[in-house]
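Student:
In structure tokens form, the structure reads like this:
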């Protein structure tokens with residue numbers, strides 16, 4: 001291959017990987033291992049701050065004050081193409097056919113096409129998302145919905161990965177709080193696995209496994225961190241990292257795109273409570289959150305249920321995790337939930 | 001739960017995780033982010049060095065000079081129980097029945113029983129495995145075989161994870177070169193996935209997918225790093241980390257335990273060549289290696305083929321990797337192989 005990014009399929013497990021040599025050139029403003037890292041230093045202005053719109057590609061979506069001009073000031077939230085994308089426009093005319101995996105070549109690759117976008121949460125240089133106002137936080141979740149719906153209109157795309165990296169240890173290369181949306185012509189391995197397993201559970205029991213989890217967790221209570229009108233936050237029963245927390249809609253909802261404005265606001269307020277508690281209990285850890293929802297245009301099946309997973313970097317995975325997929329954590333999820341509940345109940349500290 | 005370690009099954013995907021609160025107490029001698037980290041400092045003698053045998057639990061296996069006493073000096077290699085185990089003796093009378101996954105409780109857990117052992121490669125304080133002599137390196141692979149065969153005799157165990165962490169970034173907590181053997185009553189997620197996918201490939205094609213890979217890689221040559229009488233080392237076609245390298249037996253071999261003494265020595269010499277090249281090209285990176293082989297007492301099926309995977313920590317996985325299982329790397333595997341071949345051909349540098 002030359003330096004064009006490629007999607008490659010692992011010949012044994014079918015897991016898709018991205019090989020993107022150009023990404024090696026992206027600037028890394030977050031150095032070392034500071035937990036969040038204020039990087040609006042002397043040497044370079046932050047490209048995500050208000051007034052630096054010329055440092056990013058042209059916006060594809062924004063919430064702005066009436067009468068302001070795209071790519072100028074006056075915005076509350078912007079989505080711009082990633083300057084160092086893992087995937088690239090244009091999307092090809094057809095996408096890899098994953099239905100007949102058995103018929104694929106042993107070594108299957110495809111141009112890494114799709115879109116890679118950055119959602120800048122706010123114009124101020126804020127590094128910790130819990131410092132966003134409830135209104136700003138809610139806008140992030142409405143923008144996820146709008147942009148996913150727009151991308152779903154392109155039949156050549158199969159999935160949009162929506163996630164946030166907070167802190168250098170969690171992979172953030174800039175401190176200014178932001179999310180990423182990466183749309184690909186293939187469905188990523190973990191979404192495929194979750195989808196298939198949930199379908200198998202439904203075939204066996206006639207029920208959605210996530211609805212079962214919600215019902216059992218609410219009845220049991222030991223792993224419940226917080227509850228709102230539409231959502232419940234629970235520590236994961238079999239976590240990959242200590243304090244791993246899932247936020248699920250209480251009622252069955254297969255597709256994130258169907259979320260109402262009221263529910264996005266409810267989600268934002270709940271998530272802020274959970275993240276603030278995590279900051280207190282784990283001393284502002286680095287973390288990721290990611291949205292797991294149905295693949296694009298997969299309908300609203302009875303077996304799948306969208307949810308948000310929060311993965312704090314509370315340990316350093318080693319051979320057992322990377323080599324065998326078996327994670328070791330050192331805090332029981334029940335204890336983690338109890339600590340988070342206690343922190344969550346405290347009055348907010350001055351930041 | 002109290003502080004007893006537990007195995008827990010993720011209710012959605014079936015992935016087993018270990019919750020082991022006691023592990024939080026293990027000493028971490030490797031601090032910060034030094035690549036390998038000589039830790040035989042002033043404050044505490046290294047518990048893995050000759051003369052410190054009283055610092056480890058009693059050995060369960062050793063290569064020693066004739067006439068020397070267990071747990072005293074005179075050894076070339078020792079295997080001892082992990083002082084801070086993720087799993088514990090005794091193994092229960094029965095193990096979780098994974099055949100009827102559909103019948104399992106939504107939240108399934110089991111005592112985290114099994115064995116966790118540390119293989120100390122050599123009595124001297126060597127931190128980089130490439131500094132071992134060929135004889136010492138070969139002994140490590142013979143000891144893997146002996147110990148796996150011994151553990152296979154216990155019908156309550158289902159799998160032995162054999163792996164090595166080199167460097168703090170790869171999860172090593174002590175610098176003195178060592179491996180780990182963790183035997184569990186369940187089969188870890190990645191081994192299960194590989195096994196199932198390989199079985200599906202065999203059912204479709206009548207062939208072992210790893211034999212197919214070996215044949216195609218040898219014919220193509222672009223990803224071949226090194227070759228020996230019994231083995232070939234290739235960079236992974238769809239890597240998780242740049243420079244990820246797999247070492248496979250050239251001829252079909254389902255079970256590692258069947259390896260001959262001659263083949264262990266051939267493997268050791270080949271692996272040293274590959275690791276030395278990786279040290280040159282990536283400046284002594286942290287890495288893991290892990291052995292993927294058939295579960296215990298699974299026979300020698302035609303669809304599975306043991307191999308060793310080397311995972312250098314050449315990047316920091318973020319939301320796309322942890323959240324979606326889609327890895328981004330920035331070096332093409334063909335270029336990585338070419339660089340490793342070139343480094344491998346150079347005369348050995350003075351360390």
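Protein chains in written order, with UniProt numbering: chain A, 1 to 351; chain B, 1 to 351. Yeah, the Cβ is synthetic: ideal placement off N, Cα and C, and Gly gets one too. All values reported here derive from a predicted model rather than from experimental measurement.
(1) Check whether the Cβ atoms of residue 60/A and residue 117/A sit closer than 8 Å, and answer yes or no.
(2) Can you pull the DSSP bridge partners for residue 17/A?
(3) To which residues does DSSP link residue 289/B through a beta bridge?
(4) For residue 199/B, report the span of its alpha helix (DSSP H) as first-last.
(5) Quick one: complete beta strand (DSSP E) runs, 3+ long, within the stretch 123-172 of chain A?
(6) Looking at the C-beta of residue 21/A, does it have a partner C-beta in chain B at a distance below 8 Å?
(7) Taking only beta-carbon atoms, is residue 302/B less than 8 Å away from chain A?
(8) Taking Cβ-Cβ distances shorter than 9 Å, what residues in chain A pair up with residue 194/B?
(9) So does the stretch 147-157 of chain B actually touch the stretch 122-132 of chain B, counting three or more Cβ pairs closer than 8 Å?
(10) Taking one C-beta from the stretch 6-21 of chain B and one from the stretch 209-216 of chain A each time, how about it: are there three or more such pairs within less than 8 Å?
(11) Nearest chain B C-beta to residue 209/A closer than 8 Å, yes or no?
(12) Check whether the Cβ of residue 31/A lies closer than 8 Å to any Cβ atom in chain B.
(13) How is the alpha helix (DSSP H) around residue 216/B delimited, first residue to last?
(14) Against chain B, with Cβ distances strictly below 8 Å, would residue 152/A count as a contact?
(15) Where does residue 226/B sit, in a helix, a strand or coil, going by DSSP?
(16) Going by DSSP, what residue range makes up the alpha helix (DSSP H) through residue 265/A?
(17) Residues of chain A with CB under 8 Å from residue 191/B, in chain order?
(18) Would you kindly check if the distance between the Cβ of residue 300/B and the Cβ of residue 141/B is under 8 Å?
(19) Going along the chain, which residues of the stretch 212-230 of chain A sit with their C-beta nearer than 8 Å to a C-beta in chain B?
(20) Note down, in chain order, all residues in the stretch 63-78 of chain B with a beta-carbon under 9 Å from any beta-carbon belonging to chain A.
(21) For the stretch 135-147 of chain A, which residues have a CB atom closer than 8 Å to at least one CB atom of chain B, in sequence order?
(22) Pull up the CB-CB distance for residue 51/B and residue 73/B, whole angstroms please, since I reckon it's below 8 Å.
(23) Can you check which of these residues, 45/B, 146/B, 245/B, is closest to residue 264/B by C-alpha distance?
(24) Under 8 Å: do the stretch 302-311 of chain A and the stretch 245-265 of chain A share three or more Cβ pairs, one atom per stretch?
(25) Given a threshold of 16 other Cβ atoms within 10 Å of its Cβ, counted over all protein chains shown, does residue 325/B qualify as buried or as exposed?
(26) Can you find the residues in the same chain that come closer than 8 Å, C-beta to C-beta, to residue 362/B, ignoring five residues on each side of it along the sequence?
(27) Among residues of its own chain, excluding the 5 on either side of residue 334/A, which ones have a beta-carbon nearer than 8 Å to its beta-carbon?
(28) Between which residues of its own chain and residue 293/B is the CB-CB distance below 7 Å, once the five residues before and five after are set aside?
(29) Would you mind working out which of 296/B, 56/B, 276/B, 68/B sits nearest residue 340/B, comparing C-alpha positions?
(30) Could you check whether residue 189/A and residue 15/A sit closer than 8 Å to each other, using their CB atoms as the reference points?
(31) What did DSSP end up calling residue 59/B once you bin it into helix, strand or coil?
(32) Here's the rule: buried if 16 or more other CB atoms are within 10 angstroms of the residue's CB, otherwise exposed. What is residue 167/A?
(33) Considering only DSSP beta bridges, list what residue 180/B is partnered with.
(34) Tell me the DSSP secondary structure of residue 339/B in three-state form.
(35) For residue 111/B, which residues does DSSP report across the bridge?
(36) Where DSSP assigns a beta bridge to residue 367/B, which residues make up the other side?
Tutor: Working from what's here:
(1) Here the question's residue 60/A lines up with position 60 in the first chain. Here the question's residue 117/A lines up with position 117 in the first chain. Cβ atoms of residue 60/A and residue 117/A: closer than 8 Å.
(2) In the first chain, counting from the first residue as 1, residue 17/A sits at position 17. In the DSSP output, where bridge partners are listed per residue, residue 17/A has 8/A.
(3) As a position in the second chain, residue 289/B is number 289, starting the count at 1. The partner list for residue 289/B (beta bridge, DSSP) reads 164/B, 310/B.
(4) In the second chain, counting from the first residue as 1, residue 199/B sits at position 199. Residue 199/B -> alpha helix (DSSP H) spans 189-205.
(5) 159-166
(6) The residue labelled residue 21/A in the question sits at position 21 within the first chain. Yes, contact with chain B.
(7) Here residue 302/B is taken as the residue at index 302 of the second chain, counted from 1. No - not a single Cβ of chain A is within 8 Å of the one on residue 302/B.
(8) Here residue 194/B is taken as the residue at index 194 of the second chain, counted from 1. Here the neighbours are 12, 13.
(9) no
(10) yes
(11) Here residue 209/A refers to the residue found at position 209 when the first chain is read from its first residue. Closer than 8 Å: yes.
(12) Walking along the first chain from the start, residue 31/A turns up at place 31. Note that residue 31/A scores 48 on pLDDT, short of 50, meaning its location in the model is unreliable and no value can be drawn from it.
(13) As a working note, residue 216/B is residue 216 in the second chain. Run containing residue 216/B: 209-220, per the alpha helix (DSSP H) assignment.
(14) Start at 1 with the first residue of the first chain, and residue 152/A comes out as number 152. Not an interface residue.
(15) To locate residue 226/B, count along the second chain from 1; it is residue 226. In the structure shown, residue 226/B sits in a strand (DSSP, three-state: E or B).
(16) The residue labelled residue 265/A in the question sits at position 265 within the first chain. From DSSP, the alpha helix (DSSP H) with residue 265/A extends over 261-282.
(17) Here residue 191/B corresponds to residue number 191 of the second chain, with the count starting at 1. Near residue 191/B (Cβ distances below 8 Å), the residues of chain A are 324, 325.
(18) Counting from 1 along the second chain, the entry for residue 141/B is found at position 141. Counting from 1 along the second chain, the entry for residue 300/B is found at position 300. Not in contact: residue 141/B and residue 300/B (Cβ atoms no closer than 8 Å).
(19) 212, 213, 216
(20) none
(21) none
(22) As a working note, residue 51/B is residue 51 in the second chain. As a working note, residue 73/B is residue 73 in the second chain. So it is a contact: roughly 6 Å between Cβ atoms.
(23) For the purposes of this step, residue 264/B is identified with residue 264 of the second chain, where counting begins at 1. Considering only alpha carbons, the answer is 146/B.
(24) yes
(25) Residue numbering aside, residue 325/B sits at position 325 when the second chain is read from its first letter. Buried: at least 16 other Cβ atoms inside 10 Å.
(26) Nothing can be reported for residue 362/B, as the shown portion of chain B is limited to 1 through 351.
(27) Here residue 334/A is taken as the residue at index 334 of the first chain, counted from 1. Cβ neighbours of residue 334/A beyond the five flanking positions: 222, 223, 235.
(28) Numbered from 1 along the second chain, position 293 holds the residue referred to as residue 293/B. Only 255, 256, 306 meet the Cβ criterion.
(29) Numbered from its first residue, the second chain carries residue 340/B at position 340. Selected option, being the one with the closest Cα: 276/B.
(30) In the first chain, counting from the first residue as 1, residue 15/A sits at position 15. In the first chain, counting from the first residue as 1, residue 189/A sits at position 189. Yes, the Cβ-Cβ distance between residue 15/A and residue 189/A is below 8 Å.
(31) Along the second chain, one-based indexing puts residue 59/B at 59. Residue 59/B: coil per DSSP, three-state reduction.
(32) Residue mapping note: residue 167/A aligns to position 167 of the first chain, counting from 1. That one is buried.
(33) One-based indexing of the second chain puts residue 180/B at position 180. DSSP, once it has assigned bridges, lists 118/B, 163/B as partnering residue 180/B.
(34) Your numbering for residue 339/B matches position 339 in the second chain. Helix.
(35) The residue given as residue 111/B occupies position 111 in the second chain. DSSP output for residue 111/B lists 6/B as bridge partner(s).
(36) Nothing can be reported for residue 367/B: it is not among the residues displayed for chain B, which extend from 1 to 351.
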